[in-house]
Amino acid sequence: MKNFYSNDNCPIRDVLSRLGDKWSMLVLVTLKANGTMRFCDIHKTIADISQRMLTVTLRTLETDGLISRKVYAEVPPRVEYQLTDLGESLMPRVQVLVDWALEHMGEIMKHREVMMK
1 MKNFYSNDNC PIRDVLSRLG DKWSMLVLVT LKANGTMRFC DIHKTIADIS QRMLTVTLRT
61 LETDGLISRK VYAEVPPRVE YQLTDLGESL MPRVQVLVDW ALEHMGEIMK HREVMMK
């Protein structure tokens with residue numbers, strides 16, 4: 001039987017807990033599709049995310065080195081976000097998951113309907 005790392009030292013759990021939340025993948029996919037973006041543009045693109053949750057998500061992704069944040073000394077201040085090289089290296093794997101979800105969403109919804117009856 002294949003054993004995994006303990007809870008304190010498991011890279012699988014660690015990475016999935018950071019990327020497996022409700023918003024991180026959407027932010028990454030949005031930045032991949034649109035390139036460098038300002039906060040307000042990301043917020044418009046992901047309309048149902050609150051400003052606070054977007055801020056938290058962007059900070060987490062920046063802390064993990066997946067996105068970069070650039071602040072311009074202007075009035076009003078301008079802040080832009082983009083994928084880092086590390087973030088870009090993740091995107092082909094994310095795109096496979098996105099493609100799978102798009103391909104199978106109808107089937108998944110049918111299963112959910114059956115289970116809800």
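Residues 1 to 117 (full-length UniProt numbering) make up the sequence shown, in order. Note that CB positions come from ideal geometry on N, CA and C, so glycine has one too.
For the beta strand (DSSP E) that residue i lies in, which residues bound it at each end?
i, result
"K70", "67-72"
Considering only residues of the same chain and omitting the five flanking positions on each side of residue i, which have a CB-CB separation below 6 Å?
i, result
"M91", "K32"
Give me, in chain order, the residues of the same chain whose beta-carbon lies closer than 8 Å to that of residue i; leave out the 5 immediate sequence neighbours on both sides.
i, result
"P77", "V71"
"I42", "V27, T30, L31, L54, L58, Y81"
"N34", "D41, T45"
"R69", "L58, E62, V79, E80, Y81"
Locate the alpha helix (DSSP H) running through residue i, then write down its first and last residues.
i, result
"V98", "85-116"
"D41", "39-45"
"V75", "Counting along the chain, V75 falls outside any alpha helix (DSSP H), and DSSP gives it neither H nor E."
"D14", "11-19"
So, for residue i: in the same chain, excluding its five sequence neighbours on each side, which residues have a beta-carbon less than 7 Å away from its beta-carbon?
i, result
"L86", "G65, L66"
Could you tell me which residues DSSP puts in a beta bridge with residue i?
i, result
"E80", "R38, K70"
Exercise. Would the stretch 43-53 and the stretch 20-35 be scored as touching if the rule is three or more Cβ pairs under 8 Å?
Worked result: Output reads yes: the stretch 20-35 touches the stretch 43-53.
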